[in-house]
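First up is the structure itself, then whatever we jot down about it.
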Amino acid sequence: MSESSSPVFQESEQTSLLLVGDAADLSSCLSALGQQFTIVQQCPVDALLTAYQKVQPDLVLIAAARPDAALLEVVGQIRQLDAPVQPALLLFGDIDADWASAFIRAGGDDLLPADCASPLFQARLFGHCQCIQRQRLLEHHRALLMREEAVARAVLGSVIRDELQQDMPNLRWALSPRALFNGDLILAAKSPGGNLNLLLGGFPGRGLAASIGVLPVAEIFYTMTAKGFELVEIVLEINRRLNSLLPTEGFLAASLLEVDQDQRTGQIWNGGLSCAWLQRAGGGLEVLSSRHTPLGIVDNAQLDREMQLFTLQQNDHLLLCSSAHAYRSVGADRHALQQGLSACLLADLDESLTRVGEHLRHNLSLAEGDLSLLLLRVDQRQPQKQAVEQGVLSGAGCSARWSYQITLDPRTLREFDPRPMLTQLLVEVQGLQDHRERLYTLVAELFSNALEHGVLRLDSSLKSSPEGFAEYYMARERLLGELQDGHVRFSLEHVPSEDGGILTMEVEDSGSGFDYQRLGSGALSLEGFSGRGIGLIRNMAEEVVYFSPGNRVKITYHWVRS
Amino acid sequence: MAIKVSEENNVVTLVLEGRFDFSQHKEFSVAYRAYEKGSKQFVVDLSQVQYMDSSAMGMLLQLREHAAKGGNDAVVLANPTPGVADILRIANFEKLFTVK
Chain E
0 MSESSSPVFQ ESEQTSLLLV GDAADLSSCL SALGQQFTIV QQCPVDALLT
50 AYQKVQPDLV LIAAARPDAA LLEVVGQIRQ LDAPVQPALL LFGDIDADWA
100 SAFIRAGGDD LLPADCASPL FQARLFGHCQ CIQRQRLLEH HRALLMREEA
150 VARAVLGSVI RDELQQDMPN LRWALSPRAL FNGDLILAAK SPGGNLNLLL
200 GGFPGRGLAA SIGVLPVAEI FYTMTAKGFE LVEIVLEINR RLNSLLPTEG
250 FLAASLLEVD QDQRTGQIWN GGLSCAWLQR AGGGLEVLSS RHTPLGIVDN
300 AQLDREMQLF TLQQNDHLLL CSSAHAYRSV GADRHALQQG LSACLLADLD
350 ESLTRVGEHL RHNLSLAEGD LSLLLLRVDQ RQPQKQAVEQ GVLSGAGCSA
400 RWSYQITLDP RTLREFDPRP MLTQLLVEVQ GLQDHRERLY TLVAELFSNA
450 LEHGVLRLDS SLKSSPEGFA EYYMARERLL GELQDGHVRF SLEHVPSEDG
500 GILTMEVEDS GSGFDYQRLG SGALSLEGFS GRGIGLIRNM AEEVVYFSPG
550 NRVKITYHWV RS
Chain W
0 MAIKVSEENN VVTLVLEGRF DFSQHKEFSV AYRAYEKGSK QFVVDLSQVQ
50 YMDSSAMGML LQLREHAAKG GNDAVVLANP TPGVADILRI ANFEKLFTVK
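Keeping their order, the protein sequence lines are chains E and W. Under numbering that gives the first Met the number 0, think of the first position of the first sequence as 0, with each following residue one higher. Under numbering that gives the first Met the number 0, think of the first position of the second sequence as 0, with each following residue one higher.
Listed below in C-alpha cells is the structure:
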C-alpha cells in the first residue's frame, strides 16, 4: 500500500464501497451514495466472498433484511482473511434484533437504516469511514515499525559471528530468536594469546531501543580482544561507551568471561546476570554470582572491577543464560533450576545445549525460544601447538630503520597494560598484520616473565597445579598493588635487511635474574622449565640471548618480504 | 495499577502495587515529575509489587536521576517482596539505592 512506504501518512480521499444484495434493493443506494463514495462493485450475497477478495473494499454494505446463515458464514470468512486493515461490514434494511445480533456476533460491525438517502444513514456511514482512516493510520505506523525491525535484523545479523564456532569446538550457543526484540547479545572471540573471551548479556526493553547498544558493544569487544586487551579493560571501555550512548534507563546486564588458552583458569565479571554457573565434572555446581551493577549505569570511577577467578578441569562446564523474563522467576525455584543441570550435560554438546535450554525454560516458565544460552565445555588440554617453524615468515612490511623504548615504573605497571600497544606498534609500523598473533605472544611472554618473575619475584612452579594457578594470580595482584620500586624496560628496534627486516626486542627488568645458563642451548620441551614461556619464545624467535644476571633478554625476529 | 503518592518532610512516598513493568511507565513518570527535579527524596514502597522486570529497573534509574542529589539515600526502595528483593540483589541495586 502506497501510504505505508512513506514515513508521512497521507489520508485517502475516497473510501471504496462494495454493495451487496439484490439489484432491486441496491438501486436507490447507487444514486444516494455514488457521489461521495467510490462504488467499486455490486454483487449478490452469494458472490460476496469472491467480490471482496477481488476488490478489497473499505466498506461492505449489505442489503439483507432476513436471516441468512450463508451470509454469516461469509462474514466469518472475511474476518479470517489476512488484511492489514479490516473492512467495515454493514447491514442495512428493516432488521429485527435477533438477526442484528447474530450478524454482529458473526463479525459484522453495524446496522444502518433502510433508507440510504436519509441523513442518519449518511452520517453513520461517514462515521465508519473515519474509523477506517484511523485504522489505516495505525497500519501505517505498524508497517514503519516492521521496516525498522527488518533493518535492525540485517545490521545486527552481521554482528553475531557464526563462523567462530568452527574455531571453538567446545563452545555452543543459542541466541533467542527474539533477541532483536529483547536486546540479548552473545559475543565470542579469541585473543592473540589464544585466550577465549565471551560475553553474554541483555539490554532492557524491546525493539530497536533495546538493541541499539549491541553495535558499539560488539565493536569494542571484538577490536579489543583482537588486540589482546585484558578483560577488565574491555569491561571499562564498554561501560564508558554505554554511559555516553544510552539514556538513564538503559543498561547492559552482562557477564564477561575469559578462559585461559590452556583452559585451566578463567575469570568472570558479572554485572546483573542472574544465571551464570560453573558445573563441575565431579558434580558440584558453583554459582558465579552477579557482584556488580550492570554496565552503563555508573561511571568508570565508580565501577567495580573486581574479577572472580576460577580454576577449570576437564569436563567442567560453564553456562550462562539471559532472558528478559529470567528476573521474573528468580525467587521462585532456583534450587530446582540448579538441581537438574548436571543431568542435562552429555557427551554430545549439541544435545547438552538443547536439554539445558529445555530445563531452564521449563523452570523459568518461558515460552519457546525466549532464552539466550552459552555453554562451554572444558576439553582435554591440547598440547601446546607448535609455533610456526622458523623459515619464511613473510609480510609486506616497510623497510624503515627505527627504535623505540619504554620504561614502566610501578605505578605504570599497575595501571597500564603495554602488551596491546607494543604489539600494535609492531604490527602497524612494520605492516606485519599477519604476524600479530606471534608478535603478541612474544611481547606477552617477555613482559610476563619480566614483570612476574623479575620484578615481582613470583615463583612459576606455583602454576603447576590448578589451585596454584589461582593462588599465583592473586599473589600477582597483591604484589603489584604493593609494589614500590622496580621497572620493566622494553627496547624495540628494527633494521631493514636485503630480504625484509630484523626486529629486535630487548626486555630488562629490575629483578635479580635467574640461572639462565641452566637452560642450555637445545630446544626445550614446551611444558618444561618455567612453563610455556621460554620454549615458545625460542620457537618463534630466531635468536634468544640472555645477559647476566638473567634480568635482560634480547630476541631477534626476522621477517621476509613476500 | 494506581500509584498512591504522599509527601512528608520533603520525602515523597510512592506506593506501587501489582505489576511494575513498562505498562506503568507513564503513570510512574508523571507521579515523580510532579516535583521539581532535584528537590525531593523518594521512597518507593514495593511491598505490594509481585512482579518487576528490567524496564522497571530502568524506571527506577530515571527516578534516581530526578531525585535530590545525595548518594544512595535519595531514593529508598522499601519492603520489596522476596522475588523483587532477589532481582534488586542480582542487579546490585543496593549500591545505587537504599534498600530496606
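Note that CB positions come from ideal geometry on N, CA and C, so glycine has one too.
| Item | Value |
| --- | --- |
| Beta strand (DSSP E) segment containing residue 183(E), residue limits | 183-189 |
| Members of the stretch 85-97 of chain W that neighbour chain E once the beta carbon cut-off is set at 9 Å | 85, 86, 88, 89, 90, 91, 92, 94 and 95 |
| Boundaries (first-last residue) of the alpha helix (DSSP H) holding residue 58(W) | 53-65 |
| Distance, residue 8(E) Cα to residue 60(E) Cα | 27 Å |
| Contact the stretch 233-248 of chain E vs the stretch 206-219 of chain E: 3+ CB pairs below 8 Å | yes |
| Residues near residue 172(E) in its chain [Cβ-Cβ closer than 6 Å; skip 5 each side] | 185 and 373 |
| Below-8 Å beta-carbon distance, residue 257(E) vs any chain W residue | no |
| 6 Å Cβ shell around residue 503(E) - same chain, five flanking residues per side excluded | 492 and 555 |
| Contacts of residue 70(W) in chain E (Cβ-Cβ under 8 Å) | Going along chain E, no residue has its Cβ under 8 Å from residue 70(W), so there is no contact; the nearest lies around 11 Å. |
| Residues of the stretch 53-66 of chain W whose Cβ lies closer than 7 Å to any Cβ of chain E, in chain order | 53, 54, 56, 57, 58, 60, 61 and 64 |
| Proximity winner among 30(E), 455(E) and 200(E), relative to residue 121(E) (alpha-carbon distances) | 30(E) |
| Whole-angstrom distance between residue 57(W) and residue 514(E), CA atom to CA atom | 59 Å |
| Interface positions of the stretch 196-221 of chain E facing chain W (Cβ-Cβ less than 7 Å), listed along the chain | 203 and 204 |
| Nearest to residue 216(E) (by Cα), restricted to the options 424(E), 170(E), 236(E) and 76(E) | 236(E) |
| Three-state secondary structure assigned by DSSP to residue 450(E) | helix |
| Beta-carbon proximity of residue 418(E) to residue 193(E), cut-off 8 Å | no |
| Residue 319(E) - partner residues in DSSP beta bridges | 275(E) and 373(E) |
| Within chain W, the residues that residue 291(E) reaches when beta carbons sit closer than 7 Å | 91 |
| Rounded Cβ spacing between residue 230(E) and residue 260(E) (contact assumed at less than 8 Å) | So it is not a contact: roughly 14 Å between Cβ atoms. |
| Residues that residue 299(E) bridges to, as DSSP identifies them | Residue 299(E) pairs with nothing; no bridge assigned. |
| Nearest-angstrom beta carbon gap, residue 203(E) and residue 253(E) [assumed within contact, 8 Å] | The pair is not a contact, with the Cβ atoms about 12 Å apart (cut-off 8 Å). |
| Identity of the residues DSSP links to residue 19(W) by a beta bridge | 51(W) |
| Close-in-space but distant-in-sequence residues of the same chain around residue 337(E) (CB under 8 Å, 5 per side omitted) | 276, 284 and 286 |
| Start-to-end residues for the beta strand (DSSP E) that takes in residue 553(E) | 551-560 |
| Beta-bridge pairing of residue 483(E) - partner residues as DSSP gives them | Answer by DSSP bridge pairing: none, since residue 483(E) is not bridged. |
| Neighbour-count burial assignment, residue 309(E), 16 or more Cβ in a 10 Å radius | buried |
| C-beta atoms of residue 409(E) and residue 498(E) nearer than 8 Å | no |
| Status (buried if at least 16 other CB within 10 Å, exposed otherwise) for residue 33(E) | exposed |
| Inter-residue spacing [alpha-carbon to alpha-carbon] between residue 26(E) and residue 133(E) | 30 Å |
| Contacts that residue 296(E) makes with chain W (C-beta to C-beta distance below 8 Å) | 60 and 95 |
| Length of the line joining the Cα atoms of residue 390(E) and residue 558(E) | A caution first: residue 390(E) carries a pLDDT of 38, below 50, which makes its placement in the model unreliable, though a value can still be read off. Near 9 Å, if we compare the C-alpha coordinates of residue 558(E) and residue 390(E). |
| Segment contact, 8 Å Cβ cut-off, at least three pairs: the stretch 94-107 of chain E with the stretch 123-130 of chain E | no |
| Boundaries of the beta strand (DSSP E) in which residue 563(E) is found, first to last residue | For residue 563(E) there is no data in the structure shown, the boundaries of chain E being 0 and 561. |
| Selection of the stretch 223-248 of chain E by Cβ proximity to chain W, strictly under 7 Å | 247 and 248 |
| Short CB-CB distance (under 8 Å) between residue 252(E) and chain W | yes |
| Segment limits, alpha helix (DSSP H) that includes residue 105(E) | 96-105 |
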